[in-house]
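Asks: Got a structure here, written out as C-alpha cells. Questions coming.
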Amino acid sequence: MNQFPTQLKKLRKSTNTTQDDLATKLFVSRQAISKWEAGDSTPDLTNLIKLTDIFNVGLDTLVFGAKPEEKVDSTEFVFDPKHNRYVRKLGKMNIWDFLAGYWWAILLIVFVIGFFSAF
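Residue numbering for the sequence shown follows full-length UniProt numbering, beginning at 1 and increasing consecutively.
Put into C-alpha cells, the structure is as follows:
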C-alpha cells in the first residue's frame, strides 16, 4: 500500500479539502489523516470505502493509483495486487494465449508427427 499515502494527499488537494474537513467527514482525528498521508498508518476498510465515496473514485484508484478512466472488462480480467496490474482470468484463453503458454507442447507434437511420418 505504498501508493495510498500519495493518492490520498493528491485526491484531497485536488478537491481543496483540508485534513480537518476530511477528518470531520470520517469521524477521525486530523492526526489520523496526517498519519495516513505520511504512510505511518493505514485506514480500516470502512474508512477506505468512505474515502472512495468522498472522492468519487474506485478502490483501485485510491489504493493502487490506477487511472480512473481505464475501463477493464471484469468478466475477462482480474486485478493482481502482487504485480499491481490486471491479468487475464484463467479459463478465458484465446489461441494466442495458448500458443504463448504451451509452445513446447506444439513443438513436441510436431516432432512426434515428423518422427512417425518418417516410417
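Where is the CB? At the ideal position from N, CA and C, for every residue including glycine. From a predicted model like this one, the values you see are computed outputs, not experimental measurements.
1) If I'm right that T52 touches F4 with Cβ under 8 Å, what's the distance once you round it to whole angstroms?
2) So what does F79 bridge to, in DSSP terms?
3) Could you please give the first and the last residue of the uninterrupted alpha helix (DSSP H) stretch that includes D21?
4) For M1, collect the residues of the same chain with a Cβ closer than 7 Å to its Cβ; drop the 5 residues on either side in sequence, then sort them by chain order.
5) Quick one: give me the first and last residue of the alpha helix (DSSP H) that S117 is part of.
Replies: Based on what the coordinates show:
1) That pair is no contact at about 12 Å.
2) Paired residue(s): Y86.
3) Its alpha helix (DSSP H) spans residues 19-26.
4) Residue placement at M1 is poorly supported in this model, since its pLDDT is 46, which falls under 50; the coordinates still yield a value, given next. T42, V63, listed in sequence order.
5) DSSP places S117 in the uninterrupted alpha helix (DSSP H) bounded by 103-117.
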